[in-house]
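Colleague: Have a look at the structure that comes next, please.
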């Protein structure tokens, strides 16, 4: 897994060190995983992008996988998308990349678009996979949304840690065959750590409060994403059934036309359709 990639741990803040794999020598792109995955979810996509001529950077997000994070705070700012976006910029700067493309899936998609909004001079292109802005999702949170994405709200409960940590394998039910052995083992090690589970839940808690307010403030101020944007979603997941064509939502957040792509997979597209996904990303990111 990740043959010829370098593995390192890089401090980006006083209490935050990110585990990261890197390879390649072309234009830099950072790949941000979702919940509850780690960077190893990209183990099939990352080499394909490297071979397509990109420098590929795959970190564990703050508090996820083997990355460290600060103790949670009462206002849930420690695991906000804004804080994680700052991590991404500092990580890329530490690796020598002042400008870079960012790709994010699931929770990583929120960090990715926040990076593009907060750091427009650094982000050359943005690819959002299986996501719409948090404020847009919450404003559309009807009974169907609650039925499908109820975990968003359960994760804000003070009992969530106790429930998940009682049997994390039963809660997450990772699919060994679908994930690949090393990716599966990496995830199992991560979800077995109560500190990692709490950090992941804090990500969701921030989403319902801090991140939503940040989106609301940017929208009210007319702040929009200025770089090229690709939105890709899984054919067999629920994003399109909830929102129709998600590019229509994203177009209101961007200054230029938004490209769209349907990936023939379930939600975990990097594991289920790596060749198609890598091809779509390589075409979009090509100079």
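Numbering (the working numbering), first residue to last: -6 to 280. Ideal Cβ positions, reconstructed from N, Cα and C, are used throughout, including at glycine.
Between 56, 90, 145, which lies nearest to residue 15 when the distance is taken from Cα to Cα?
Modeller: As a working note, residue 15 is residue 22 in the chain shown. Of the listed residues, the one whose Cα sits closest to residue 15 is 90.
Colleague: For residue 10, which option in 241, 153, 229, 61 has the closest C-alpha, if you only look at C-alpha atoms?
Modeller: Counting from one through the chain shown, the residue named residue 10 turns up at place 17. Closest option to residue 10, Cα to Cα, is 61.
Colleague: How should residue 172 be labelled, buried or exposed, when 16 other C-beta atoms within 10 angstroms of its C-beta is the threshold for buried?
Modeller: Here residue 172 refers to the residue found at position 179 when the chain shown is read from its first residue. Its Cβ being crowded by 16 or more others within 10 Å, residue 172 is buried.
Colleague: Measure the Cβ-Cβ separation of residue 5 and residue 87 and say whether it is below 8 Å.
Modeller: Counted from its first residue, the chain shown places residue 5 at position 12. Counted from its first residue, the chain shown places residue 87 at position 94. Yes, these two residues count as a Cβ contact at 8 Å.
Colleague: Secondary structure at residue 98, three-state DSSP: helix, strand or coil?
Modeller: Here residue 98 corresponds to residue number 105 of the chain shown, with the count starting at 1. Three-state result, residue 98: strand.
Colleague: DSSP three-state label for residue 200, please.
Modeller: Indexing the chain shown from 1 puts residue 200 at position 207. In the three-state DSSP reduction, residue 200 falls in the helix class (H, G or I).
Colleague: Can you look up residue 243 in the DSSP assignment and give me helix, strand or coil?
Modeller: Mapped onto the chain shown, residue 243 falls at position 250. Reduced to three states, the DSSP call for residue 243 is helix.
Colleague: Under 8 Å between the Cβ atoms of residue 77 and residue 55?
Modeller: To locate residue 77, count along the chain shown from 1; it is residue 84. To locate residue 55, count along the chain shown from 1; it is residue 62. Yes.
Colleague: Only counting runs of 4 or more residues, tell me where the alpha helix (DSSP H) segments fall wholly within the region 11 to 71, in order along the chain.
Modeller: Whole alpha helix (DSSP H) segments, 4+ residues: 38 to 44.
Colleague: From the DSSP secondary-structure annotation, give me the bridge partner or partners of residue 253.
Modeller: Start at 1 with the first residue of the chain shown, and residue 253 comes out as number 260. Answer is 224, bridged to residue 253.
Colleague: Alpha carbons only, please: which of 276, 161, 206 is nearest the one belonging to residue 225?
Modeller: Residue numbering aside, residue 225 sits at position 232 when the chain shown is read from its first letter. Per the Cα distances, 276.
Colleague: Take every Cβ of the region 232 to 247, pair it with every Cβ of the region 152 to 164, and state whether three or more of those distances are shorter than 8 Å.
Modeller: The region 232 to 247 is not in contact with the region 152 to 164.
Colleague: What are the boundary residues of the alpha helix (DSSP H) that includes residue 268?
Modeller: One-based indexing of the chain shown puts residue 268 at position 275. Here the alpha helix (DSSP H) through residue 268 covers 267 to 278.
Colleague: Could you compute how far the alpha carbon of residue 29 sits from the alpha carbon of residue 36?
Modeller: In the chain shown, residue 29 corresponds to position 36, counting from 1. In the chain shown, residue 36 corresponds to position 43, counting from 1. Distance between the alpha carbons of residue 29 and residue 36: 15 Å.
Colleague: Could you give the residue range of the beta strand (DSSP E) that holds residue 118?
Modeller: Position 125 of the chain shown holds residue 118. Here the beta strand (DSSP E) through residue 118 covers 116 to 122.
Colleague: On the DSSP bridge list, what partners appear for residue 93?
Modeller: Residue mapping note: residue 93 aligns to position 100 of the chain shown, counting from 1. DSSP, once it has assigned bridges, lists 116 as partnering residue 93.
Colleague: State the CB to CB distance for the pair residue 122 and residue 96, rounded to an integer number of angstroms; the pair is presumed to be in contact (CB under 8 Å).
Modeller: Residue mapping note: residue 122 aligns to position 129 of the chain shown, counting from 1. Residue mapping note: residue 96 aligns to position 103 of the chain shown, counting from 1. Their Cβ separation, rounded to whole angstroms, is 7 Å, which keeps residue 122 and residue 96 in contact under 8 Å.
Colleague: Hey, how far is the Cα of residue 67 from the Cα of residue 151?
Modeller: One-based indexing of the chain shown puts residue 67 at position 74. One-based indexing of the chain shown puts residue 151 at position 158. Near 12 Å, if we compare the C-alpha coordinates of residue 151 and residue 67.
Colleague: Can you tell me which of 230, 116, 217 puts its alpha carbon nearest to the alpha carbon of residue 246?
Modeller: Counting from one through the chain shown, the residue named residue 246 turns up at place 253. Ranking the options by Cα distance to residue 246, first place goes to 217.
Colleague: Between which residues of its own chain and residue 207 is the CB-CB distance below 8 Å, once the five residues before and five after are set aside?
Modeller: As a first step, residue 207 is located in the chain shown; it is residue number 214 there, counting from the start. Only 73, 74, 75, 107 meet the Cβ criterion.
Colleague: Look up residue 288 in the DSSP assignment and give the residues it is bridged to.
Modeller: With the chain running from -6 to 280 in the structure shown, residue 288 is simply not present.
Colleague: Could you check the C-alpha separation between residue 128 and residue 253 for me, to the nearest Å?
Modeller: Reading the chain shown from its first residue, position 135 is the one you call residue 128. Reading the chain shown from its first residue, position 260 is the one you call residue 253. Cα to Cα, the separation comes out at about 20 Å.
Colleague: Distance, Cα to Cα, residue 190 vs residue 179?
Modeller: Walking along the chain shown from the start, residue 190 turns up at place 197. Walking along the chain shown from the start, residue 179 turns up at place 186. Approximately 14 Å between the Cα atoms of the pair.
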